[in-house]
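Quick notes on the structure that follows.
There are 2 protein chains.
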Amino acid sequence: MSNSVPPFSSAEYDRRLHKTRVAMEARGIDVLIATDPSNQAWLTGYDGWSFYVHQAVILPLEGTPVWWGRNQDTNGAVRTVDLERTAISGYPDNYVQSTERHPMQHLARRLKMMGYENARIGVEMENYYFSAKAYTTLLTELPQAEIVDATALVNWQRTVKSMEEIAFMRKAAAITQKIQNFALERAEPGMRKNDLAAEITAEAIRGVGDDWGDYPAIVPLLPSGTDAAAPHLTWNGDVMKTGEATFFELSGCYRRYHAPLSRTVFLGKPPAFLERAEAALIEGLEAGLAAARPGNRACDIANALGDAMDRAGIDRGARCGYPVGLSYPPDWGERTISLRPEDETILQPGMTFHFMPGIWMEDWGLEITESILIRHAGPAETFCKIPRKIFVKD
Amino acid sequence: MSNSVPPFSSAEYDRRLHKTRVAMEARGIDVLIATDPSNQAWLTGYDGWSFYVHQAVILPLEGTPVWWGRNQDTNGAVRTVDLERTAISGYPDNYVQSTERHPMQHLARRLKMMGYENARIGVEMENYYFSAKAYTTLLTELPQAEIVDATALVNWQRTVKSMEEIAFMRKAAAITQKIQNFALERAEPGMRKNDLAAEITAEAIRGVGDDWGDYPAIVPLLPSGTDAAAPHLTWNGDVMKTGEATFFELSGCYRRYHAPLSRTVFLGKPPAFLERAEAALIEGLEAGLAAARPGNRACDIANALGDAMDRAGIDRGARCGYPVGLSYPPDWGERTISLRPEDETILQPGMTFHFMPGIWMEDWGLEITESILIRHAGPAETFCKIPRKIFVKD
Chain A
2 MSNSVPPFSS
12 AEYDRRLHKT
22 RVAMEARGID
32 VLIATDPSNQ
42 AWLTGYDGWS
52 FYVHQAVILP
62 LEGTPVWWGR
72 NQDTNGAVRT
82 VDLERTAISG
92 YPDNYVQSTE
102 RHPMQHLARR
112 LKMMGYENAR
122 IGVEMENYYF
132 SAKAYTTLLT
142 ELPQAEIVDA
152 TALVNWQRTV
162 KSMEEIAFMR
172 KAAAITQKIQ
182 NFALERAEPG
192 MRKNDLAAEI
202 TAEAIRGVGD
212 DWGDYPAIVP
222 LLPSGTDAAA
232 PHLTWNGDVM
242 KTGEATFFEL
252 SGCYRRYHAP
262 LSRTVFLGKP
272 PAFLERAEAA
282 LIEGLEAGLA
292 AARPGNRACD
302 IANALGDAMD
312 RAGIDRGARC
322 GYPVGLSYPP
332 DWGERTISLR
342 PEDETILQPG
352 MTFHFMPGIW
362 MEDWGLEITE
372 SILIRHAGPA
382 ETFCKIPRKI
392 FVKD
Chain B
2 MSNSVPPFSS
12 AEYDRRLHKT
22 RVAMEARGID
32 VLIATDPSNQ
42 AWLTGYDGWS
52 FYVHQAVILP
62 LEGTPVWWGR
72 NQDTNGAVRT
82 VDLERTAISG
92 YPDNYVQSTE
102 RHPMQHLARR
112 LKMMGYENAR
122 IGVEMENYYF
132 SAKAYTTLLT
142 ELPQAEIVDA
152 TALVNWQRTV
162 KSMEEIAFMR
172 KAAAITQKIQ
182 NFALERAEPG
192 MRKNDLAAEI
202 TAEAIRGVGD
212 DWGDYPAIVP
222 LLPSGTDAAA
232 PHLTWNGDVM
242 KTGEATFFEL
252 SGCYRRYHAP
262 LSRTVFLGKP
272 PAFLERAEAA
282 LIEGLEAGLA
292 AARPGNRACD
302 IANALGDAMD
312 RAGIDRGARC
322 GYPVGLSYPP
332 DWGERTISLR
342 PEDETILQPG
352 MTFHFMPGIW
362 MEDWGLEITE
372 SILIRHAGPA
382 ETFCKIPRKI
392 FVKD
């Protein structure tokens, strides 16, 4: 189970490359520059915390893909990618965070050497790891090329998971289930939030049995009381108090695959307004799960949830989910489909989502969520089996 | 100790805003769009794991800065920024990861409302959180404006730390010292790498006494044996073995401030080549620390180290450090100065660096590093006090 070999079979990587190339061909793209680390991992197996410098998979329509990155990280590529040594290409260290040079100058020369001076080159315009400067540098260095937006071209190929990927997500979900139950059990008045976050994080990395835990793409989120109005506040040294709700938004991670899930604990007796929101949310979740079947659309899940929210007079004002699977910081979503009224993507068997109808009001918050798998028929399967309710510790 | 108030005084934020505006004025910039989360935190106190969606501090030359982000994250802004409620501005959720809209369309309208339709607007072209698409969207939406590269304009203001910031880094360093000593003590044959990573991470988040630990911007790095050739491989479920070196590159984090440090442990008797590299590295570190004094240049540190490496016949082929302080994933560096021969930045009292002369060869690696503070006179101070050597457990 070392990470010094790619986690999947060569056949699986071949299938992924083929699928991506079909999409490239349909868009007339000669070569794709995949800078999203999750796309690099999905296409080749590359894994490492090196995405803070420029790196990419260069994927031609035909022939061998190339992993390109900082010289010192070629040692990591040798140990993780499903490619020959000759397909790993490094750039000198004086390109790193330089005020004089940009790594995309080096990539442009590499592309010219490969014969792509006049090619149609796809780049991921909307990605954390393809900066505005990366783009303008490529434009300057490759004036004859046509540089086109291929944002999420690879991500869209990832929406339907293979059986091998679903097996990884089940392992991630086993870790999620463990840490979520752990958090719900440990929560008590007087517990410092950072101490609880420490324990949760450690349990996640320990993993379950031989399935060692990888680092999740997002840290544990566990705001309490009025701070639970803010979905993305991280922990502090405050203690948990009687009379406050705390939500735990957590994911286990197995070989970069995620299965996030949220539950809420209340220390003491919950106020009536929170119990009403809980009832509406559970009803909405059940309606959404029933709508999450193949042939339905992404918006059908959102609308089913929305009906229950409307009846309860709760205006969430946000999408209620996104695809999940392979990911790196800062996001464990896949950035393709959104579970919202305007998204008419057809649901297919093997798609996986974080069905995430968090409620964040002016001075309180409530999260009960599920990671789900679209099955061949019928309603979605939930990856974890944890009662859908507020856990009350009175 | 809550994170629901900004960590610094209003006077400190005022000082930072003023300093940044002087730099803006020198560059003729009317308004700066700070998308780097560390710059947002440094300028206003904003804190939250929301940087996976577009957000920014809009800093005009005069008048109140505005924190702009996703509607649901305005709740987090209310709780963390040193700004009035009216200076917090949200965009609707259907802009988030949409295939139809881009948040920069919303920002462009906001800028027009503020009177910047024809202004000179600074953007951080080279940043994880300002995508190529963000840039082209602003260009399209603000055709009359002049959009100029202000990459690292704020980061450069951060290079010299205030006394308040140095105090935070000392707290981070106390955590670093704790977790580094912990890792060195716990390392033994048969220990699973992920179990050790779990314990290290938990210790970091527990913090030291009342100084609760925040999440570091990079996860613990602890590759062993031949994998230590790869600086950025993350852990797996393999066990530590006799006859192998493992380096620990770790940082504690206090209120987003870092003080990273690496040490190497060897289980068994180290080979002679590793002991020779250790001796050269220690000599190089000492020479570098002696050169790290005010008035000298960044390259003087690199050259002092380089001389020792040259004498030992070791070609590192990489820079040997970078500024550290306030940071968010994926990088704990500040992306301004680099300790390398071509960088002639003058060292000033209050500058802080990770002096990071890692050695990564074909099939082995060695890391002994220090976080350092440039003093008013004399050689640099090391934030941690851990013997500079390979820790041998025979």
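So the protein lines, in turn, are chains A and B.
For the first sequence, my numbering assigns the number 2 to the initial residue and increments by one for each residue that follows.
For the second sequence, my numbering assigns the number 2 to the initial residue and increments by one for each residue that follows.
No residue lacks a Cβ here, since even glycine has one placed at the ideal position from N, Cα and C.
Here the structure is a predicted model, which means the values were calculated and not measured.
Next item on the list: On the DSSP bridge assignment, give the partners of His69 of chain B in chain order.
Entry: Per the sequence shown, the amino acid found at residue 69 of chain B is Trp instead of His. Residue pairing of Trp69 of chain B in beta bridges, as defined by DSSP: B:Ala57, B:Ser90.
Next item on the list: List the residues of chain B that Ser339 of chain A touches, going by C-beta distances under 8 Å, in chain order.
Entry: Close partners of Ser339 of chain A in chain B (Cβ separation under 8 Å): Val97, Gln98, Ser99.
Notebook entry, point to check: Exposed or buried, Ser10 of chain B, counting other C-beta atoms within 10 Å across all chains shown (16 or more means buried)?
Noted result: Burial call: exposed.
Notebook entry, point to check: Got a sec? Which residues, its chain only, sit under 7 Å from Ile180 of chain A by beta carbon, not counting five neighbours each side?
Noted result: Taking C-beta separations shorter than 7 Å and ignoring five residues to either side along the sequence, the partners of Ile180 of chain A in its chain run Ile201, Glu204, Ala205, Leu251, Gly253, following chain order.
Checklist line | Under 7 Å from the C-beta of Met357 of chain B: neighbouring residues of chain A | finding: Per Cβ cutoff of 7 Å: no residues; Met357 of chain B is ~12 Å from chain A at best.
Next item on the list: Determine, using beta carbons only, whether Arg304 of chain B comes closer than 8 Å to chain A.
Entry: According to the sequence provided, residue 304 of chain B is Asn. The question's Arg does not apply to it. Not closer than 8 Å to any Cβ of chain A, the Cβ of Asn304 of chain B fails to qualify, so no.
Notebook entry, point to check: If we ignore side chains and look at the alpha-carbon of each, how far apart do Ala292 of chain B and Arg71 of chain A end up?
Noted result: C-alpha separation (whole angstroms): 28 Å.
Note to self: In the DSSP output, what is Ile360 of chain B paired with across the bridge?
What the structure shows: Looking at the DSSP output, Ile360 of chain B bridges to B:Leu367.
Next item on the list: Please confirm if Arg240 of chain A has its CB atom under 8 Å from at least one CB of chain B.
Entry: First, the amino acid is wrong: residue 240 of chain A is Val here, not Arg. Val240 of chain A does not count as touching chain B.
Checklist line | chain A contact for Met126 of chain B (CB, 8 Å cutoff) | finding: So, interface residue.
Margin query: Could you compute how far the alpha carbon of Pro350 of chain A sits from the alpha carbon of Ile373 of chain A?
Written below: Going by the C-alpha atoms only, they are around 11 Å apart.
Notebook entry, point to check: Leu33 of chain B lies in the alpha helix (DSSP H); which residues open and close that run?
Noted result: That residue, Leu33 of chain B, is in no alpha helix (DSSP H); its beta strand (DSSP E) goes 32-35.
Notebook entry, point to check: Going along chain B, which residues have a C-beta under 9 Å from Asp301 of chain A?
Noted result: Neighbours of Asp301 of chain A on chain B: none; closest Cβ ~17 Å, over 9 Å.
Item checked: Under 7 Å (Cβ pairs) to chain B, residues found in the stretch 195-209 of chain A -> Cβ contacts with chain B: Asn195, Asp196, Ala198, Ala199, Glu200, Thr202, Ala203, Ile206, Arg207, Gly208.
Note to self: Quick check: what's the CA-CA separation for Met310 of chain B versus Asp211 of chain B?
What the structure shows: Cα-Cα distance, rounded: 42 Å.
Check: Sorted by chain position, which residues of the same chain lie with C-beta nearer than 7 Å to Ala109 of chain B's C-beta, five sequence neighbours on each side aside?
Finding: Closer than 7 Å at the Cβ level, and outside the excluded window around Ala109 of chain B, lie Leu139, Glu142, Leu143.
Item checked: As assigned by DSSP and simplified to three states, the class of Arg159 of chain A -> Here DSSP, grouped into helix, strand and coil, assigns Arg159 of chain A to coil.
Item checked: Nonlocal neighbours in the same chain, by C-beta distance under 6 Å from Ala184 of chain A, ignoring five residues either side -> Within the same chain, Ala184 of chain A has close Cβ partners Ile201, Phe249.
Notebook entry, point to check: Could you give the distance in angstroms between the alpha-carbon of Pro261 of chain A and the alpha-carbon of Leu286 of chain B?
Noted result: Distance from the CA atom of Pro261 of chain A to the CA atom of Leu286 of chain B, rounded to whole angstroms, is 44 Å.
Item checked: Option nearest Tyr53 of chain B by Cα separation, candidates A:Arg336, A:Glu371, A:Glu345, A:Trp361 -> Among A:Arg336, A:Glu371, A:Glu345, A:Trp361, the Cα nearest to that of Tyr53 of chain B is on A:Arg336.
Check: Using a Cβ-Cβ cut-off of 8 Å (strictly less than) and excluding sequence neighbours within five positions of Ser3 of chain B, which residues of its own chain qualify?
Finding: Residue placement at Ser3 of chain B is flagged as unreliable, the pLDDT there being 44, under the threshold of 50; the coordinate-derived value follows with that caveat. Counting only Cβ-Cβ distances below 8 Å, and skipping sequence neighbours, we find nothing.
Check: Is Pro104 of chain A close to chain B, meaning its C-beta is less than 8 Å from at least one C-beta of that chain?
Finding: Chain B, which has no Cβ nearer than 8 Å to the Cβ of Pro104 of chain A, makes this no.
Item checked: Neighbourhood of Ile30 of chain A by C-beta distance below 8 Å, restricted to the same chain and skipping five residues each side -> Contacts found: Leu62, Arg121, Ile122, Gly123, Val149, Ala151, Leu154.
Notebook entry, point to check: Is it true that the stretch 366-382 of chain B meets the stretch 340-354 of chain B, where meeting means three or more beta-carbon pairs spaced less than 8 Å apart?
Noted result: Here the stretch 366-382 of chain B lies against the stretch 340-354 of chain B, with 3 or more beta-carbon pairs under 8 Å apart.
Margin query: Per the DSSP calculation, Pro324 of chain A is bridged to which residue(s)?
Written below: According to DSSP, which records beta bridges pairwise, Pro324 of chain A is partnered with A:Phe354.
Margin query: Given this structure, state the Cα-to-Cα distance separating Met115 of chain B from Glu147 of chain B, to the nearest angstrom.
Written below: Going by the C-alpha atoms only, they are around 15 Å apart.
Next item on the list: Determine the chain B residues that contact Phe52 of chain A at a beta-carbon separation under 8 Å, and present them in chain order.
Entry: Using a Cβ-Cβ cut-off of 8 Å, Phe52 of chain A is close to Pro331 of chain B, given in chain order.
Notebook entry, point to check: Mind pulling the beta strand (DSSP E) runs of 3 or more residues that sit fully within the stretch 275-325 of chain A?
Noted result: Whole beta strand (DSSP E) segments, 3+ residues: 322-324.
Margin query: Quick check: is the beta carbon of Ile347 of chain B nearer than 8 Å to any beta carbon in chain A?
Written below: By this cut-off, Ile347 of chain B is not an interface position.
Check: In chain B, what lies closer than 7 Å to Thr152 of chain A by C-beta?
Finding: The contacting residues are Lys134.
Notebook entry, point to check: Any idea if Arg317 of chain B is buried or exposed, counting beta-carbon neighbours within 10 angstroms, 16 or more meaning buried?
Noted result: With 16 or more other Cβ atoms within 10 Å, it is buried.
Margin query: Are the CB atoms of Ala24 of chain B and Tyr47 of chain B within a distance shorter than 8 Å?
Written below: Going by C-beta atoms, Tyr47 of chain B is not nearer than 8 Å to Ala24 of chain B.
Next item on the list: Go through its chain and collect everything with a Cβ distance to Gln56 of chain A's Cβ below 6 Å, but skip five positions before and after it.
Entry: By the criterion of a C-beta distance shorter than 6 Å, Gln56 of chain A is surrounded in its chain by Gly70, once the five residues flanking it on both sides are discounted.
Next item on the list: Determine the contact status of Ile315 of chain B and Ala281 of chain B, defining contact as a CB-CB distance below 8 Å.
Entry: In this structure, Ala281 of chain B lies closer than 8 Å to Ile315 of chain B by Cβ.
Checklist line | Closest residue to Tyr1 of chain B among B:Pro104, B:Ile89, B:Ser90 (Cα-Cα distance) | finding: In the structure displayed, chain B extends from 2 to 395; residue 1 of chain B sits before or after that span and is not available.
Next item on the list: Report yes or no: is there a C-beta of chain B within less than 8 Å of the C-beta of Phe131 of chain A?
Entry: Interface residue, yes.
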